[in-house]
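Chemist: Numbering (my numbering), first residue to last: 105 to 312.
#1: Thinking C-alpha only, which one of 304, 280, 302 and 312 is nearest residue 327?
#2: Residues in its own chain within less than 7 Å of residue 243 by CB, not counting five upstream and five downstream?
#3: Roughly how many angstroms lie between the CA atoms of residue 163 and residue 254, to the nearest whole one?
#4: For residue 171 versus residue 141, is the C-beta distance shorter than 8 Å?
#5: Counting Cβ pairs, one atom from each stretch, are 3 or more of them under 8 Å apart for the region 200-211 and the region 174-182?
#6: Using DSSP bridges, identify the partner residues of residue 292.
#7: Quick one: complete alpha helix (DSSP H) runs, 4+ long, within the region 244-286?
#8: Can you tell me the Cα-Cα spacing of residue 125 and residue 132, whole angstroms?
#9: List the whole-angstrom C-beta distance separating residue 149 from residue 128, where the pair is believed to meet the contact cut-off of C-beta under 8 Å.
#10: When the distance is taken between beta carbons, is residue 197 closer than 8 Å to residue 233?
#11: Quick check on residue 146: does DSSP put it in helix, strand or coil?
#12: Is DSSP giving residue 221 helix, strand or coil here?
#13: DSSP state of residue 180, grouped into three classes?
#14: Could you pull the start and end residues of the alpha helix (DSSP H) that residue 121 belongs to?
#15: Sorry if obvious, but does the Cβ on residue 193 come closer than 7 Å to a heavy atom of the ligand COA?
#16: Which residues in the same chain as residue 184 place their Cβ atom closer than 8 Å to its Cβ, once the five residues preceding and following it in sequence are excluded?
Here it is in structure tokens:
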């Protein structure tokens, strides 16, 4: 299987087609109602065939929201250390995997769509769970290879430890996105992550 180099003409065209399909689906949903943003209507508006639609999106809801199946680039694990700030590393890894599914240039309109059609949040939640599971699997593999973690903790398996760690790592991100001072659709900044992690560390020390 051939892999297109980043920035290749083919990759740019794929990105343009993806964006055209999403734009058509989101526009139809906002202007004519979600029920009218069918695969056929979206494909026609984007100038593609319905068959091509499914090369880019699994469902019409994915096209409307502009979301993808989450992926974990193994290069993100380069330099990952179980001896450093493990919670912080997992939080940042989780953020990158979330972004592989949910990031894009249209976050503000997605917020508008979710407000208008609250049931679409179910799909976003499903993708969030898939992203968390990818990180949990990767973390389980890393912990299982380290003698100091292989036995788990206090009778709990490595997989259970990894699952709990991923849940904890998600707390700083959730704190950021639910902040009342946050602009709708704003991208999470590195300094936001640093501040939220610092609060979690201090809070943990205070209540332990």
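All C-beta atoms in this analysis are idealised placements derived from N, C-alpha and C, irrespective of residue type, glycine included. Here the structure is a predicted model, which is why all the values come from computation and not from measurement.
Modeler: A quick look at the data gives this:
#1: No statement about residue 327 is possible, as the shown extent of the chain runs from 105 to 312 and does not include it.
#2: 194, 266, 269 and 270
#3: 40 Å
#4: no
#5: yes
#6: Partner(s): none; residue 292 has no beta bridge.
#7: 262-281
#8: 11 Å
#9: 4 Å
#10: no
#11: helix
#12: coil
#13: helix
#14: 113-136
#15: The ligand COA is absent from the structure shown, which contains no ligand whatsoever.
#16: 193, 197 and 246
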